Amino acid sequence: MRPTQQTITNGASILTIDDDRFKTSRITAAFLLPLKEETASANAILPFLLRRSSVDYPSFAKLQHRLNELYGANIAADVYRIGYYQAMVITASSIDNRFALEGEDITAQLAELMRSMIFTPLMENGAFQKSDTEQEKRCLAELIQSEINEKRLYARRRCEQVLCKGEGYAVNRYGSIDGVDALTPEGIAAAWENMLKRAQIRIISQCAGGSGNIAAKFGEGINSVAGRAPVTLDSALNWQPGEVRNVTERMDVNQAKLVMGFRVSKTAKPDIAAFRLMNALLGGTPHSLLFKNVREKLSLCYYCASSYDRLGGVLLVDSGVEEKNAGLAQEEILRQIDAICRGDFTTEEFESAKRSAINQYQTVSDLQSTLANWYIGQSLDSEIATPEEAAKDIAEVSPERVIEAARSIKLGAVYMLAGEGDKK
Amino acid sequence: MSGVWQEIFNSQTGETIYKAVHPTGLPIFVCPKKGYRSTYAVFGTKYGSIDTAFYADGGSTPTEVPAGIAHYLEHKLFENEDSGAFERYAKTGASANAYTSFDRTAYLFSCTENFVDSLEILLDFVQAPYFTEENVRKEQGIIGQEIQMGLDSPFRRVFYNLLKAMYHKHPIRIEIAGTLESIAQITPELLYGCYYTFYNLHNMVLVVAGNADKDEVLSVADRCLKPSENKHVKRAGVDEPAGVVQKRIVQKMPVAKPLFYLGFKDYIEDGISCRTAGELACANVLLEVLAGRASNLYNRLMENGLINSSFDADYFDGPGFGSWIFAGESADPDRVAEEILREIDALRREGIGKASFEAAKKALYGRQVAALNDIETIGDRLVADYFAGREPFSAVDAAAAVTLESVENMLKSSLKEEQMAISIVSPEI
């Protein structure tokens, strides 16, 4: 179904998805600011610090106890990267009012709780509380440090950084360890004020029977901000093709992680549906060209897959291989991309990729979290598309458009995380 | 046709599940979800990595097989004589996958179109094994890389190391995929032997959730299921001692800061049975009271800088095993263990407060209701519950029925220091 979109005030809107299929209601609030090295850390700590407490529940334990009473309601904080923007996101979810054992209006209470957390947080002398700040600084720094633990994700991130060096896209959405270390309660308070004043705000309401008091609660909060002047969002990408950047880093690992980063050379109005389908054909499914050839035919790896982010114009191909086979895997990956560029794929392969991609988009609406993320991902767009509309766009893509899409990507970086022992 | 269906209605949530036993012996569950666009189907066998020793056909001596065979079989079933399952699914657009866990293997897909065709593929390929010397050998490279990937995952290492530290004999101490050495012993004959033992329809279950019509499911089952002999396969019970193997296990790996898994082992007398829904609900409420985000323990550990937001507590259970696991990252995991022991002690002495019990119970109830949003969760839980002998929806009902007394009784009998072990993965040792 198509959600209704309503402007709350300048630079702030609410998307209402009236849906009675779920047992839960969900409220998402996203604050978007440009993603920059200098401000990333101070912005990133905000959602974590804000969701710790509120005026009525002035400690984390008290707030959590209250959430447990609201049938295990959950308030979560995170930071997303939306193209060149940083989105500070707070999400509240709980079982829907229909399932409350004592008839409580849980959703209304959560909306009020969110308003109070975000717009009137606990502060002392105009700054965040010292002990809360220290705790969240430590947690955020540890979150950044622990990125090294998951080698596949780490290698993908490193490849993006190499590929998009100097762009907002390459900045870690959680900021940097040094940046977090330097944060002060006063500095964070200034970042909070700036966020309320300057951020583009997107609220998503997913409840049965409409959005209730949610728009009013956020309206109340936003209107209390003096001198609001939201940033203008711009989804244009600035990127110039250059030499392929090769980086190999070594760590004590058994399996090498190869990540090849490609960029869309045509940055003005790319054919999104064609890129999505090209990605499915190349490496988005277990019957894709990469899976069939790199894994099944050559038995080089357990995974070899591709992913496409339209917001950065980036396509990544990654595989976990033995280091001595990395060259072979790389050749085969390039050979498969070249095959698409030459139109050397069967109608069956094309139609299969199309069916899978359509299936993938049509499934998005069956989970509240994936649907909310779908719309947050469109925060930069002037018009929103439903997942069903995206599926329909893919259904109309011709093989020629896929070939055109494949021809417009350029290899920009080859990153490898390899073991210390394999090569001396 | 619909006369064969048993209707299981849950008044707390308004959900209905239909159950039938197909004449071939296969139990089928269907959970229709109104308004959902997609359908999730899962075809599972009660055969997991722990089944390395079993009694087939009422025999008295157990058959023993190499570790990792259930998982190997899962990979190989995707390849039939004339085509691969993924290529067949490619024609329907379904998103297909499979997984092997400690106690089961499941083949699944989700789709928004061509459900009947996809279900036919699912039932068909799982019933059509085709193993040759060549295709079995080829898989060794792929699974070998999967194992290598697991060796590089600190989360898997810290978890499996804990199981090794806690369990003397129970096969959960062996990794699901096996080892490079154990998979090298796998042959087509061994795969066929295990296949015909465990993949008989009496030992399996089919679950469909989402946009589904139960009679449509049944008619596909009528067309595609082949009668199979009931092999009366039985898991070999394990004579697992109550105590742990070692108190502490440490491995060095490139991680940011030490990861820990702290476990308290429960003694399961017959070495084979599973926990009931009531016991699991009690355990989960107890964990929420003890270590949930509203707890004294969680907040104290956080304030003292001993844990971060990755901290979690869970009850980990299956046939013949059950343990309480506290996991996270910490500069000082041993101090976390001390604090947890101290808190357990305090809770035993002072009792569980009524308010914190009530809040924890409501939280568990809310989570169980919320889990019914997701058709994949519904499908996977129905499979797990069926194999463990638990009724559909029993988790929701049990959460609503937990009493303070039962939680206090559980606290008395479990979480003992002598049954505790800690596993640490550290950048330095």
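Protein chains in written order, with numbering that gives the first Met the number 0: chain W, 0 to 423; chain R, 0 to 428. Note that beta-carbon positions come from the ideal geometry of N, C-alpha and C, so glycine has one too. Keep in mind that this is a model prediction, so the values were computed, not measured.
Does the structure place the stretch 100 to 118 of chain R close enough to the stretch 211 to 228 of chain R that three or more beta carbon pairs sit under 8 Å?
Enough Cβ pairs lie closer than 8 Å, so yes.
Hey, out of R/Ala105, R/Ala95 and R/Arg380, whose CA is closest to W/Gln359's CA?
Nearest C-alpha to W/Gln359: R/Ala95.
Could you give the distance in angstroms between the alpha-carbon of W/Ala190 and the alpha-carbon of R/Val207?
C-alpha separation (whole angstroms): 49 Å.
Taking the alpha carbon of R/Glu338 as the reference point, which residue from R/Ala290, R/Gly378 and R/Asp313 has its own alpha carbon closest?
It is R/Ala290.
Express the C-alpha separation of W/Glu321 and W/Asp421 in angstroms, rounding to a whole number.
Unreliable positioning characterises W/Asp421 in this predicted model, as indicated by a pLDDT of 47, which lies under 50. The coordinate reading is nonetheless provided below. Each residue's alpha carbon lies about 9 Å from the other.
Enumerated in chain order, which unbroken segments of the alpha helix (DSSP H) with a length of 4 residues or greater are wholly contained in the stretch 370 to 407 of chain R?
Entirely contained in the stretch 370 to 407 of chain R, the alpha helix (DSSP H) runs reaching 4 residues are, in chain order, 374 to 387 and 393 to 400.
Unbroken alpha helix (DSSP H) runs of length 4 or more, entirely within the stretch 137 to 215 of chain R: which are they?
Listed in chain order, the complete alpha helix (DSSP H) runs (minimum 4 residues) inside the stretch 137 to 215 of chain R are 153 to 165, 179 to 183 and 187 to 197.
Between which two residues does the beta strand (DSSP E) carrying W/Ala86 extend?
Segment Tyr84 to Ile94, the beta strand (DSSP E) holding W/Ala86.
How would you write the range of the beta strand (DSSP E) that W/Arg244 sits in, first residue to last?
Taken as a continuous stretch (DSSP letters only), the beta strand (DSSP E) holding W/Arg244 covers Arg244 to Arg249.
Give me the Cα-Cα distance between R/Ile271 and R/Val288, rounded to the nearest whole angstrom.
Looking at the two C-alpha atoms, the distance is approximately 29 Å.
DSSP on W/Val239, reduced to helix/strand/coil?
It should be noted that the sequence gives Gln, not Val, for residue 239 of chain W. Here W/Gln239 sits in coil by DSSP.
Within 10 Å of its beta-carbon, does R/Asn134 have 16 or more other beta-carbons around it, so buried, or fewer, so exposed?
So R/Asn134 ends up on the exposed side.
Is there a Cβ from chain W that is less than 7 Å from the Cβ of R/Ile141?
So, interface residue.
Looking at C-alpha atoms only, which residue of R/Ile175, R/Thr104, R/Thr196 and R/Asp221 is the closest neighbour of R/Asn229?
Per the Cα distances, R/Thr196.
For R/Arg247, which residues does DSSP report across the bridge?
Paired residues: R/Ile421.
Determine the closest residue to W/Thr247 out of W/Arg20, W/Ile44, W/Lys256 and W/Leu121, with distance taken between C-alpha atoms.
Minimum Cα distance to W/Thr247 is reached at W/Lys256.
What in chain W is Cβ-close to R/Ile374, meaning under 8 Å?
Here the neighbours are Asp365.
Along the stretch 278 to 292 of chain R, what residues have a CB closer than 9 Å to any CB found in chain W?
Flagged, chain order: Glu287, Gly291 and Arg292.
Roughly how many angstroms separate the alpha carbons of W/Gly10 and W/Asn42, rounded to a whole number?
Taking the straight line from one Cα to the other gives about 18 Å.
How would you label R/Pro226, buried or exposed, when you count the other beta carbons within 10 angstroms and need 16 or more for buried?
The residue in question, R/Pro226, is exposed, as its Cβ has fewer than 16 Cβ neighbours within 10 Å.
Go ahead and pull the three-state DSSP assignment for W/Gln134.
Helix, per DSSP.
Does the beta-carbon distance from W/Ile221 to W/Thr8 come in below 7 Å?
Against a cut-off of 7 Å, the Cβ pair of W/Thr8 and W/Ile221 comes out as a contact.
On a CA-only basis, which of W/Glu123, W/Ile26 and W/Ala126 is nearest W/Ala75? Give me that one, please.
Cα-wise, what sits closest to W/Ala75 is W/Ile26.
Quick one: Cα of W/Gln494 to Cα of W/Leu14, how far?
As shown, chain W starts at 0 and ends at 423. That puts residue 494 of chain W outside it, with no answer to give.
Between the C-alpha atoms of W/Lys35 and W/Ala198, what's the straight-line distance to the nearest angstrom?
Whole-angstrom Cα-Cα distance: 14 Å.
Just to confirm my understanding: we take W/Lys22, look at its own chain, exclude 5 residues before and 5 after, and list those with CB closer than 7 Å. What are they?
Hits under 7 Å: Ile94, Asp95 and Phe98.
Kindly indicate which residue of R/Lys18, R/Glu145 and R/Lys32 has the alpha-carbon position closest to the one of R/Pro26.
Cα-wise, what sits closest to R/Pro26 is R/Lys18.
Would R/Ser94 count as contacting chain W if we go by Cβ distances under 7 Å?
Interface residue, yes.
Taking the alpha carbon of R/Leu261 as the reference point, which residue from R/Leu190, R/Thr62 and R/Ile306 has its own alpha carbon closest?
The option with the nearest alpha carbon to R/Leu261 is R/Ile306.
Find the nearest neighbour of W/Asp251 within the set R/Val20, R/Asp316 and R/Leu150, judged by alpha-carbon distance.
Among R/Val20, R/Asp316 and R/Leu150, the Cα nearest to that of W/Asp251 is on R/Leu150.
Quick check on W/Gly186: does DSSP put it in helix, strand or coil?
If DSSP states are grouped into helix, strand and coil, W/Gly186 belongs with the helices.
Kindly say whether R/Thr111, judged by its beta-carbon, lies nearer than 7 Å to any beta-carbon of chain W.
It does: the Cβ of R/Thr111 has a partner Cβ on chain W nearer than 7 Å.
With a 10 Å radius around its C-beta and 16 neighbouring C-beta atoms as the bar for buried, classify W/Glu347 as buried or exposed.
W/Glu347 is exposed by the Cβ-count criterion.
Less than 7 Å between the beta carbons of R/Leu161 and R/Thr23, yes or no?
Contact flag unset, no.
How many Å lie between R/Asp331 and R/Pro257 at the Cα?
Each residue's Cα considered, the two are about 8 Å apart.
Helix or strand or just coil, what does DSSP make of W/Gln335?
It is helical.
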